[in-house]
Amino acid sequence: MAADANIMEVPKRWDLPFSLDLVNEAERRHLSEAELDELLSKPPFCDMDAERFPRSLPLREVLRNDTRIRTYRDGDVVVRAGDYGNSAFLIIEGGCRAILDGLDRSVFNQSGQQRKSVWNSVKGIFTAPRLPEVRDASRYPQRDHANLQVGGTGALLVQDVPNLLSLVDDPYGTTTNTVMPTGTLFGELSALGRVQRAVSVVAADATESRLLEIRWQGLRELMRYDPALRDHVNALFRENGLQAALRNSPLLMRANLTQEQWDQITQDAEFETFGSYDWFGTYKELRQHQVDPLSQEPVIVEEDQYANGLILIRAGFARLSRRHGKGESTFGYLGKGDVFGLAELMHNAGSHKQVSLQATLRAAGYADLVRIPTRTFEEILYPALVDDWQSGALPRKVLGEQLDRRTYERRSEKRSESSLIASDRRRRVNNAGPDMMEFLVENRFINGTATMMIDLDRCTRCDDCVSACASGHDNNPRFIRHGQVHNHFMVANACMHCEDPVCMLGCPTGAIHRREGDGEVVINDITCIGCGTCANSCPYDNIRMVNVRDQAAGGAIMVDPARGRPIAKATKCDLCADHHGGPACERACPHDALKRVHMDELEDLSKWLNR
Amino acid sequence: MVESVTSFWTRRLRSVLLTLVAALLLVLVFYAGSIAFVDTAYLTGWVLFAVILMLAFFNLRKRLTYPPLLKAATWLRLHVYLGCLAVLVFAFHTRMQIPTGALEVTLYLLFVTLAASGFVGLYLSRTIPNSLADRGNEVIFERIPRFRRELGERMQALVLAAVETEAAFILSDFYRDRLHAYLAGPTDYWAHLIRSTRPRELLLHELHELRRYLSDGEIAVAEEIAEIIRLKYDLDFHYVRQGLLKIWLFIHIPLTWVLLLFLLAHIVIVYAFAGTFA
Chain R
20 MAADANIMEV
30 PKRWDLPFSL
40 DLVNEAERRH
50 LSEAELDELL
60 SKPPFCDMDA
70 ERFPRSLPLR
80 EVLRNDTRIR
90 TYRDGDVVVR
100 AGDYGNSAFL
110 IIEGGCRAIL
120 DGLDRSVFNQ
130 SGQQRKSVWN
140 SVKGIFTAPR
150 LPEVRDASRY
160 PQRDHANLQV
170 GGTGALLVQD
180 VPNLLSLVDD
190 PYGTTTNTVM
200 PTGTLFGELS
210 ALGRVQRAVS
220 VVAADATESR
230 LLEIRWQGLR
240 ELMRYDPALR
250 DHVNALFREN
260 GLQAALRNSP
270 LLMRANLTQE
280 QWDQITQDAE
290 FETFGSYDWF
300 GTYKELRQHQ
310 VDPLSQEPVI
320 VEEDQYANGL
330 ILIRAGFARL
340 SRRHGKGEST
350 FGYLGKGDVF
360 GLAELMHNAG
370 SHKQVSLQAT
380 LRAAGYADLV
390 RIPTRTFEEI
400 LYPALVDDWQ
410 SGALPRKVLG
420 EQLDRRTYER
430 RSEKRSESSL
440 IASDRRRRVN
450 NAGPDMMEFL
460 VENRFINGTA
470 TMMIDLDRCT
480 RCDDCVSACA
490 SGHDNNPRFI
500 RHGQVHNHFM
510 VANACMHCED
520 PVCMLGCPTG
530 AIHRREGDGE
540 VVINDITCIG
550 CGTCANSCPY
560 DNIRMVNVRD
570 QAAGGAIMVD
580 PARGRPIAKA
590 TKCDLCADHH
600 GGPACERACP
610 HDALKRVHMD
620 ELEDLSKWLN
630 R
Chain H
1323 MVESVTSFWT
1333 RRLRSVLLTL
1343 VAALLLVLVF
1353 YAGSIAFVDT
1363 AYLTGWVLFA
1373 VILMLAFFNL
1383 RKRLTYPPLL
1393 KAATWLRLHV
1403 YLGCLAVLVF
1413 AFHTRMQIPT
1423 GALEVTLYLL
1433 FVTLAASGFV
1443 GLYLSRTIPN
1453 SLADRGNEVI
1463 FERIPRFRRE
1473 LGERMQALVL
1483 AAVETEAAFI
1493 LSDFYRDRLH
1503 AYLAGPTDYW
1513 AHLIRSTRPR
1523 ELLLHELHEL
1533 RRYLSDGEIA
1543 VAEEIAEIIR
1553 LKYDLDFHYV
1563 RQGLLKIWLF
1573 IHIPLTWVLL
1583 LFLLAHIVIV
1593 YAFAGTFA
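Those sequence lines, one after another, are chains R and H.
Per our numbering, residue 20 is the first one in the first sequence, and the count goes up by one each step.
Per our numbering, residue 1323 is the first one in the second sequence, and the count goes up by one each step.
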């Protein structure tokens, strides 16, 4: 046995069904054949055409492997607003209630991933294997071929999936008494859009609620082979996305709108998408061929155009630039929750003299945005915001495009009416340096929420950061102290835990996912099948495929006997999510040269760059 | 994730002021002891021992990522300013005089060397990173030999190809006489230490002087050779200066442990003979 210990079949997508991928051991179990029959007899699955599914991905197997049944008692929390989710839920028995405002974290008793105790962290330093990438192979699931039955059922049709928000009596209040009934699908917005959950949902049935949790890979398959479901979910996705974007906008929340005004804005607002959702592929090609990315970024609105609406960025990123000589100079970027055109619209609504847009906005990769037309803005939002605007009371944190009215007026006095409308954000950007902005936007580092930046003027190249990282990961460093350099700052090859983690897109098993709570992007080593999709997708080359070794076989490389190929796993920085104390790299740097930077915190970044 | 960022100058000012206050307090305590006719040697000795122990803990903290006990940067700041205090306490303890016994002289020299190596290290770690960043071509120290070898192979292939296609004997002679040794290993240590580019410019000048004997094809090859010479020089620059940043620690850290051993011996001997001369 010992001699064969390093023999292992190459992991496959469904080696570990979703139903077994749970922290709580008591909940782990295979879906029974009876349960599968029950599911297939209920909408929406009974209405699906199983013949449309390919032989390699039959509907029954998708359900068996990409879903799990979870039971909740009355009042149990199913999902929490603000968390990142990788799955959608279908109510198969009982009901649920949506809570639209955030709940106190203390009311949740989430299972979540557990951190190691401090003692175990310390012990790990001394007991780590000497060889790299050693694993306990017994943790990996053993394939049960007898259990993998393949086959389809009869003809199925499409089920109408109700809209979560449309069920709610008071969609802009904090709670709702309306119980979502059996058959409701929710959570798809977060699962498919890689964004935080917009609402909290609790179980609401006197007895028990049974929910089918569908990981997004499974939902993707169901949508791919069932066109009606796809169209319906896409429609829901857009509709819910629009409402969620409006409801989550700090600016709109500040306006204290009435229900009628909310309805009016929702009706008039347009949901637009620029660029490609799969932007990373094009971006990689552009980098290889050294094409100017600016020329490939679709223009959302152009400098000197009429401001035809307020733009709210829902997801993705947009580059702010201005004409400079014969080219364009990037002076900032906008991300989720930011707005564009507010200064111009506020000015135009309150003045006879009109100004045009003062900057060009482009989709950096892709940008989902909501546009509130100028007429709606002037009728509803201007009256609601004008007092705050004039008194300068609009707090900086409320606005993505922060404004400095006095600066604007001062400049207007000196220059023409079309002089630049300065904003705090832009000024902050200037503190960081326009060339640094260009560097960050050009290389899409703006995507990072924990970008590793190293000040080379202070870094003594001692590699204490690398050693600390290794000591927290069984002697395997999860980043390379190397990367692109601008001035004396390096963006190292460490996972940035992107706002838009495109690495998650193609993962067939959901092994790469966001942790509940803080949303770090982590890889489940057990469910990773080593396909390398995430590593290929990562635009920053921050995921590494490694050949793993078997601890029981004295550290021999694990090999698939059938193909003679080594077993590979994807690895990357996990921000030391398993340990207390935050990222070890940052704590270990004796010269304060290394920082994990959230690119949304430009002020913080500017201060750090200009220490 | 967001934490307040303090400027270096603010932080330094704060730390220097704190150190000065601590130094003043120590001086007052030692002075008070001396005017009270108390033998301050024991007091200063134990304070010095405690400070040295705390200084040595920094190395331990660097090795132990867990438990998360303060940031290493905080430890280093503590290390630097405590190091300064240690020098002050040492001056009081020795009364600014070189001792007479063999053990005491050894201890004295060990401490002075250790302190000096600390200050040198501080200077190096504050000046070398800047020079490396200025030079560019950032490279990981352990990978330098591999890159150097690759450059050597590239140069050799380039020259051999030129000999075949252009009959470039001038270049091949130059390679044999000057470049082969240049690419075989790190060179010009002293020049790199003082950030001089003179050896590289001399070599490039020699190559440039050969242009009058070269064909157009050979001149193109010579330009590629010049590029490799520059890359190799930058690699050596990183090798020497990054190496220096590592080497000083090989002096500073072992000296610490040796000093601690001698200190223990010193304490034992002092107490063993404390009553003899009382």
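Each residue gets a CB set at the ideal place from its N, CA and C atoms; glycine is no exception.
Quick caveat: nothing in here was measured; it's all calculated off a predicted structure.
Three-state secondary structure assigned by DSSP to residue i
i                   : result
Gly-294 of chain R  : strand
Arg-1500 of chain H : helix
Gln-1478 of chain H : helix
Asn-555 of chain R  : helix
Leu-1429 of chain H : helix
Cys-595 of chain R  : coil
Thr-546 of chain R  : coil
Leu-167 of chain R  : Model confidence at Leu-167 of chain R stands at a pLDDT of 34, short of 50, so the residue's coordinates are unreliable; what they give is reported in the following sentence. Coil.
Gln-278 of chain R  : helix
Asp-537 of chain R  : coil
Ala-383 of chain R  : strand
Tyr-91 of chain R   : strand
Ile-284 of chain R  : helix
Val-1327 of chain H : coil
Gly-173 of chain R  : Here the model assigns Gly-173 of chain R a pLDDT of 27, short of 50, so the residue's position is not dependable, and the following value carries that caveat. Here Gly-173 of chain R sits in coil by DSSP.
Ala-1489 of chain H : coil
Pro-242 of chain R  : Before going further, note that residue 242 of chain R is Met rather than Pro in the sequence given. Helix at Met-242 of chain R.
His-1527 of chain H : helix
Gln-503 of chain R  : strand
Closest Cα partner of residue i within the set the options
i                   : options                                        : result
Phe-359 of chain R  : R:Leu-380, R:Gly-344, R:Phe-350                : R:Leu-380
Leu-1410 of chain H : H:Ile-1550, H:Pro-1521, H:Val-1351, H:Ala-1513 : H:Val-1351
Val-3 of chain R    : R:Gly-491, R:Ala-511, R:Cys-604                : Nothing about residue 3 of chain R can be reported from this structure: the residues present for chain R run from 20 to 630 only.
Lys-1393 of chain H : R:Leu-628, R:Glu-622, R:Lys-614                : R:Lys-614
Thr-590 of chain R  : R:Thr-552, R:His-505, R:Ile-542, R:Met-471     : R:Ile-542
Ala-326 of chain R  : R:Pro-392, R:Met-67, R:Lys-61, R:Leu-594       : R:Pro-392
Thr-1619 of chain H : H:Leu-1382, H:Leu-1340, H:Val-1543, H:Leu-1365 : Beyond the ends of chain H as shown, which are 1323 and 1600, falls residue 1619 of chain H; an answer cannot be given.
Tyr-1403 of chain H : H:Ala-1513, H:Gly-1458, H:Ala-1345             : H:Ala-1345
Ala-469 of chain R  : R:Asn-566, R:Ala-378, R:Cys-604, R:Leu-400     : R:Cys-604
Cys-526 of chain R  : R:Asn-367, R:Asp-544, R:Arg-463                : R:Asp-544
Ala-1503 of chain H : H:Trp-1512, H:Ile-1466, H:Ile-1551, H:Arg-1533 : H:Ile-1551
Val-153 of chain R  : R:Ala-581, R:Val-567, R:Lys-626, R:Leu-624     : R:Val-567
Ala-147 of chain R  : R:Cys-488, R:Gly-335, R:Gln-278                : R:Cys-488
Thr-1387 of chain H : R:Arg-534, R:Met-564, R:Asn-494                : R:Asn-494
Gly-351 of chain R  : R:Ala-513, R:Glu-457, R:Gly-113                : R:Glu-457
Asp-323 of chain R  : R:Ala-571, R:Asp-68, R:Thr-277, R:Ser-375      : R:Ser-375
Ala-334 of chain R  : R:Thr-203, R:Gly-601, R:Val-96, R:Leu-353      : R:Leu-353
Bridge-paired residues (DSSP) for residue i
i                  : result
Ser-268 of chain R : DSSP lists no partner for Ser-268 of chain R.
Ser-106 of chain R : R:Arg-234
His-532 of chain R : R:Val-541
His-492 of chain R : Note: His-492 of chain R sits in no beta bridge, so no partner.
Cys-115 of chain R : R:Met-199, R:Ala-222
Pro-585 of chain R : R:Val-578
Ser-348 of chain R : R:Arg-341
Neighbour-count burial assignment, residue i, 16 or more Cβ in a 10 Å radius
i                   : result
Gly-18 of chain R   : The question about residue 18 of chain R has no answer here: the residues shown for chain R are numbered 20 through 630.
Ser-125 of chain R  : Annotation note: pLDDT 41 at Ser-125 of chain R (below 50); position unreliable, no value reported.
Ile-1589 of chain H : exposed
Val-84 of chain R   : Looking at the sequence itself, residue 84 of chain R is Asn, so the reference to Val does not match. Per the 10 Å Cβ criterion, buried.
Asp-483 of chain R  : buried
Leu-1382 of chain H : exposed
Tyr-91 of chain R   : buried
Glu-1472 of chain H : exposed
With 7 Å as the C-beta to C-beta threshold (strictly closer), list the residues of the segment 499–525 of chain R near chain H in chain order. So the close ones are Arg-500, His-501, Val-504, His-507, Met-509.
Residues, ordered as in the chain, of the segment 1503–1523 of chain H that lie near chain R by beta-carbon distance below 8 Å: none
Quick one, which residues of the segment 1448–1462 of chain H are near chain R if we go by CB-CB under 9 Å, in chain order? Arg-1448, Ile-1450, Pro-1451, Asn-1452, Leu-1454, Ala-1455, Asp-1456, Gly-1458, Glu-1460, Val-1461, Ile-1462
Give me the subset of the segment 596–626 of chain R whose CB atoms are less than 8 Å from a CB atom of chain H, sorted by chain position. Residues His-598, His-599, Gly-600, Gly-601, Ala-603, Glu-605, Arg-606, Ala-607, Cys-608, Pro-609, His-610, Asp-611, Ala-612, Arg-615, His-617, Glu-620, Asp-623, Lys-626.
Could you name the residues of the segment 1402–1426 of chain H whose beta carbon sits closer than 8 Å to any beta carbon of chain R, in the order they occur along the chain? none
Under 8 Å (Cβ pairs) to chain H, residues found in the segment 339–371 of chain R: Legend: CB atoms of the segment 339–371 of chain R lying less than 8 Å from CB atoms of chain H are not found in any residue.
Can you pull out the residues from the segment 1324–1352 of chain H whose beta carbon lies closer than 7 Å to at least one beta carbon of chain R? Val-1324, Val-1327, Ser-1329, Phe-1330
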